[in-house]
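Colleague: Quick note: the sequence shown uses my numbering, first residue 738, plus one each step.
We put the beta carbon where it would ideally sit given N, CA and C, even for glycine.
Note that the structure is predicted; figures quoted are calculated from it, not measured.
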Amino acid sequence: MYAGYGLKVAWVEPLPDIFRELQSNLTDFPDQTAYNCLIAAEDGKKYEFHVSDNEGSSSSILEPSKELGHVWHKIGFHSIEMEALSLPTFIRTKGIDLAAFDILVLDAQGAELLIMEGAKDILSHFRYIQCEAVNFEIYSGCCLLPDMDAFLSKQGFKQKGRFILARAPNGGRQWDVLYGRA
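(1) Kindly indicate the opening and closing residues of the beta strand (DSSP E) around Glu785.
(2) Terminal residues of the continuous alpha helix (DSSP H) containing Asn762?
(3) How far does the beta strand (DSSP E) with Phe863 in it extend, from its first residue to its last?
(4) Should Ser802 and Ser877 be called a contact, given that it needs their Cβ atoms to be closer than 7 angstroms?
(5) Just how far apart, CA to CA, sit Phe756 and Gln892?
(6) Taking C-alpha atoms, which residue in Ala845, Ala837, Asp884 and Cys774 lies nearest to Glu820?
(7) Could you give the distance in angstroms between the alpha-carbon of Leu851 and the alpha-carbon of Thr826?
(8) Pull up the CB-CB distance for Arg899 and Leu915, whole angstroms please, since I reckon it's below 8 angstroms.
(9) Within 10 Å of its beta-carbon, does Pro767 have 16 or more other beta-carbons around it, so buried, or fewer, so exposed?
(10) The alpha helix (DSSP H) that contains Phe888, what's its start and end?
(11) Kindly indicate which residue of Glu854, Gly832, Tyr784 and Gly813 has the alpha-carbon position closest to the one of Tyr880.
(12) Which residues mark the beginning and the end of the alpha helix (DSSP H) in which Ile852 is found?
(13) Is the beta carbon of Ser797 closer than 7 angstroms to that of Phe814?
(14) Using the Cβ count rule (16 or more neighbours within 10 Å means buried), how would you classify Met738?
(15) Less than 7 angstroms between the beta carbons of Ile833 and Ala771, yes or no?
Below is the structure:
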């Protein structure tokens, strides 16, 4: 889809096996590059990365809460230790030209705000930010939608739209949310 619009994409995947698959999937797309890295708020911080058995889709640096099982049933986890880079350090060390990108898309299983807090200095380079957000604690200590709205408002972004990814029996919702420069 991105190639169809002529967009340049920098994909970041922390899990080595999934990274190799991603890299293989991108061989026909010269404007798309995959990087194997864990992004968080601080450079060099080590995390217990919780790897899910659903092809890594629910993996996170945050510990899964009991509520996660109410949304996605029968997910198992094992943990590995990983060291993170902040988004600004990652961009600098990889020589990525921010001018080539209008949008930052984050799918970090509850750690999106953590990543953005470590990237405050570069968020103004983007016209749009798309990320997942929830209204219940799907991962321990995860950011809730009102917190995301408040943080991004201070950075000059406002919510442009959202659509539901999942509904939990407890009334919880998980969304993909699009923010744009206010």
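Modeller: In short:
(1) On the sequence shown, residue 785 is found 48 positions in, with the first residue counted as 1. Lys783 to Ser789 is the span of the beta strand (DSSP E), which, as asked, contains Glu785.
(2) Indexing the sequence shown from 1 puts residue 762 at position 25. Where Asn762 is concerned, the enclosing alpha helix (DSSP H) stretches over Pro753 to Asn762.
(3) Along the sequence shown, read from residue 1 onward, the residue named residue 863 stands at position 126. That residue, Phe863, is in no beta strand (DSSP E); it is neither H nor E in DSSP.
(4) Looking up residue 802 in the sequence shown gives position 65. Looking up residue 877 in the sequence shown gives position 140. In this structure, the beta-carbon distance from Ser802 to Ser877 falls below 7 angstroms.
(5) In the sequence shown, residue 756 corresponds to position 19, counting from 1. In the sequence shown, residue 892 corresponds to position 155, counting from 1. If you draw a straight line from the Cα of Phe756 to the Cα of Gln892, it comes to about 31 angstroms.
(6) Position 83 of the sequence shown, counted from the start, is the residue given in the question as residue 820. The shortest CA-to-CA distance from Glu820 to any of Ala845, Ala837, Asp884 and Cys774 is the one to Cys774.
(7) The residue you call residue 851 lines up with position 114 of the sequence shown. The residue you call residue 826 lines up with position 89 of the sequence shown. Straight-line Cα distance between these residues: approximately 15 angstroms.
(8) Here residue 899 corresponds to residue number 162 of the sequence shown, with the count starting at 1. Here residue 915 corresponds to residue number 178 of the sequence shown, with the count starting at 1. Their Cβ separation, rounded to whole angstroms, is 7 angstroms, which keeps Arg899 and Leu915 in contact under 8 angstroms.
(9) Taking the first residue of the sequence shown as 1, we reach residue 767 at position 30. By the 10 Å Cβ count, Pro767 comes out exposed.
(10) Here the question's residue 888 lines up with position 151 in the sequence shown. Its alpha helix (DSSP H) spans residues Leu882 to Lys891.
(11) Residue 880 sits at position 143 when you count from the first residue of the sequence shown. The amino acid occupying residue 880 in the given sequence is Cys; Tyr does not appear at that position. Of the listed residues, the one whose Cα sits closest to Cys880 is Glu854.
(12) The residue given as residue 852 occupies position 115 in the sequence shown. Counting along the chain, the alpha helix (DSSP H) containing Ile852 begins and ends at Glu849 to Glu854.
(13) Taking the sequence shown and counting its residues from 1, one reaches residue 814 at position 77. Taking the sequence shown and counting its residues from 1, one reaches residue 797 at position 60. Result no, Cβ atoms of Phe814 and Ser797 do not sit closer than 7 angstroms.
(14) By 1-based counting over the sequence shown, the position of residue 738 is 1. Under this definition Met738 is an exposed residue.
(15) In the sequence shown, the residue the question calls residue 833 occupies position 96. In the sequence shown, the residue the question calls residue 771 occupies position 34. Taking 7 angstroms as the cut-off, the Cβ atoms of Ile833 and Ala771 do not count as close.
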